[in-house]
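Visitor: Letter by letter, the sequence shown follows residues 298 to 565 in the working numbering. Backbone N, C-alpha and C fix where the C-beta goes; we use that ideal spot for every residue, glycine too. Only a predicted model underlies this, so the values are computations on that prediction, with no experimental measurement involved.
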Amino acid sequence: MANYRLVEASRMSKFETVIDSVNTIKGYVDKEYNWFSKIESDSTLNRLVSRQSDKGWDSISTELFKFLDDDDVIDLQTALYQPIPRMSKKLSSDQLRSAALFRAVICTDELSPISSNEALISEPRFMAESKLFGHYQYEQNAWLCADWPNYRDPVANIENMEQKLAGQRILMIGGQYDPATPYAWTESMHQEFGNLASLITVNNYVDHGFSFDGNTCIDNPTTQYLLNPEIPVGNISCDGSIQTKSATYSSGITPEEDIHPAKRVRGL
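1. What does DSSP give as the partner residues of glycine 471 in its beta bridges?
2. Should serine 427 be counted as a contact of the ligand FAD given a C-beta to heavy atom distance under 7 angstroms?
3. Starting from the Cα of alanine 401, find the closest Cα among Pro451, Ser356, Phe364 and Tyr474 and give me that residue.
4. Hey, is the segment 491-501 in contact with the segment 511-529, meaning 3+ C-beta pairs nearer than 8 angstroms?
5. Assign isoleucine 528 to one of three DSSP states: helix, strand, or coil.
6. Helix, strand or coil, according to DSSP, for lysine 542 in the structure here?
7. Leaving out five residues on either side along the sequence, give the residues of the same chain with a beta carbon under 7 angstroms from the beta carbon of lysine 428.
8. Relative to the C-alpha of tyrosine 325, which candidate in Ser412, Gln434, Phe364 and Ser356 has its C-alpha closest?
9. Taking Cβ positions, are isoleucine 470 and isoleucine 515 nearer each other than 8 angstroms?
10. Mind checking whether asparagine 500 and glutamine 473 have CB atoms under 8 angstroms apart?
11. Taking only three categories from DSSP, how would you classify tryptophan 332?
12. Rounding to the nearest angstrom, what Cα-Cα distance links arginine 344 and lysine 323 in this structure?
13. Exposed or buried, what is serine 409 when buried is set at 16 or more other beta-carbons lying within 10 Å of its beta-carbon?
14. What number of angstroms, rounded off, separates the C-alpha of lysine 328 from the C-alpha of aspartate 368?
15. In this structure, how does DSSP classify glycine 324 when only helix, strand and coil are distinguished?
16. Serine 385 by DSSP, collapsed to three states: which one?
17. Where does the unbroken beta strand (DSSP E) through serine 358 begin, and where does it stop?
18. So aspartate 372 is in the alpha helix (DSSP H); what residue range does that whole segment cover?
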């Protein structure tokens with residue numbers, strides 16, 4: 298996702314250099330001797346993977362590009378401290394409940410329990426996955442289920458999925474840049490379902506939850522499947538940036554009733 302949004306490979310390389318400095322000395326000094334703090338770095342990383350519907354990325358993209366291209370961080374720092382138009386404040390209680398539910402579901406389903414000591418020494422695994430996000434994700438999520446005190450009910454591995462479906466067809470919709478569900482997981486599940494699964498791949502859009510959001514390339518085959526699930530839907534790719542029902546108004550705020558339920562789902 299970072300490669301997609303940063304566009305240029307040189308920006309990715311520069312950002313990795315910046316993050317390495319932040320991880321080492323808690324900050325980075327640009328060519329004008331401006332200090333880019335860890336708090337600002339974490340906020341930037343968070344917005345880099347934020348969902349398109351949240352508007353967090355749009356508010357800093359130009360300024361981040363300038364920083365990575367010219368080694369001048371001032372404009373990015375200014376942008377980071379500007380308020381972001383949020384959806385509705387009415388969602389705050391829902392978001393709190395969602396966060397608690399998210400942790401409960403993840404930790405209840407976890408295959409293997411993890412201790413605080415195991416979480417403490419897990420940073421190399423995070424860094425191996427991403428030089429850019431590794432340390433940030435380690436700090437954010439390594440302890441999510443550490444020493445989980447409540448009941449656990451691990452999800453069993455299911456094999457021979459194609460046989461288990463007994464002829465029932467499945468339609469999957471996966472976003473190539475979904476920040477809540479890695480596309481690699483979508484591809485793996487698609488393979489597990491075998492010939493009984495069809496996959497709609499959504500490109501050019503960073504978000505979670507794509508059906509019935511105004512994109513006919515996605516909505517039409519989805520409707521066809523729901524009405525006639527026995528009729529195969531082909532594997533197709535759709536341009537997710539084409540949102541004909543973009544529920545944004547002059548205020549930049551999306552009315553609560555128009556928010557796709559999946560966009561309220563939290564993800565790692």
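Guide: In short, the structure shows the following:
1. Here the question's residue 471 lines up with position 174 in the sequence shown. BP columns for glycine 471 point to Thr498.
2. This structure does not include the ligand FAD; it has no bound ligands of any sort.
3. Looking up residue 401 in the sequence shown gives position 104. Taking only the C-alpha atoms, the option nearest alanine 401 is Pro451.
4. yes
5. The sequence position of residue 528 within the sequence shown is 231, counting from 1. Three-state result, isoleucine 528: coil.
6. Mapped onto the sequence shown, residue 542 falls at position 245. Because the pLDDT of lysine 542 is 45, which lies under 50, any placement of that residue in the model is unreliable, and the question is left without a value.
7. One-based indexing of the sequence shown puts residue 428 at position 131. Once the five neighbours on either side are set aside, the close Cβ partners of lysine 428 are Glu313.
8. Along the sequence shown, read from residue 1 onward, the residue named residue 325 stands at position 28. Residue Phe364 is the option with its Cα nearest to tyrosine 325.
9. The residue you call residue 470 lines up with position 173 of the sequence shown. The residue you call residue 515 lines up with position 218 of the sequence shown. Yes; because the gap between Cβ atoms is below 8 angstroms, this pair is in contact.
10. Here residue 500 refers to the residue found at position 203 when the sequence shown is read from its first residue. Here residue 473 refers to the residue found at position 176 when the sequence shown is read from its first residue. Yes, they are a contact pair.
11. Reading the sequence shown from its first residue, position 35 is the one you call residue 332. DSSP places tryptophan 332 in strand when its eight states are reduced to three.
12. The residue labelled residue 344 in the question sits at position 47 within the sequence shown. The residue labelled residue 323 in the question sits at position 26 within the sequence shown. Rounded to whole angstroms, arginine 344 to lysine 323 spans 19 angstroms at the Cα level.
13. Position 112 of the sequence shown holds residue 409. Exposed.
14. Start at 1 with the first residue of the sequence shown, and residue 328 comes out as number 31. Start at 1 with the first residue of the sequence shown, and residue 368 comes out as number 71. Taking the straight line from one Cα to the other gives about 6 angstroms.
15. Here residue 324 corresponds to residue number 27 of the sequence shown, with the count starting at 1. Glycine 324: strand per DSSP, three-state reduction.
16. The residue labelled residue 385 in the question sits at position 88 within the sequence shown. Bear in mind that a pLDDT of 40 at serine 385, under 50, signals an unreliable position, so the model cannot answer this.
17. As a first step, residue 358 must be located in the sequence shown, where it is residue number 61. It is not in any beta strand (DSSP E) - serine 358 instead sits in the alpha helix (DSSP H) that spans 358-367.
18. Your numbering for residue 372 matches position 75 in the sequence shown. Where aspartate 372 is concerned, the enclosing alpha helix (DSSP H) stretches over 371-377.
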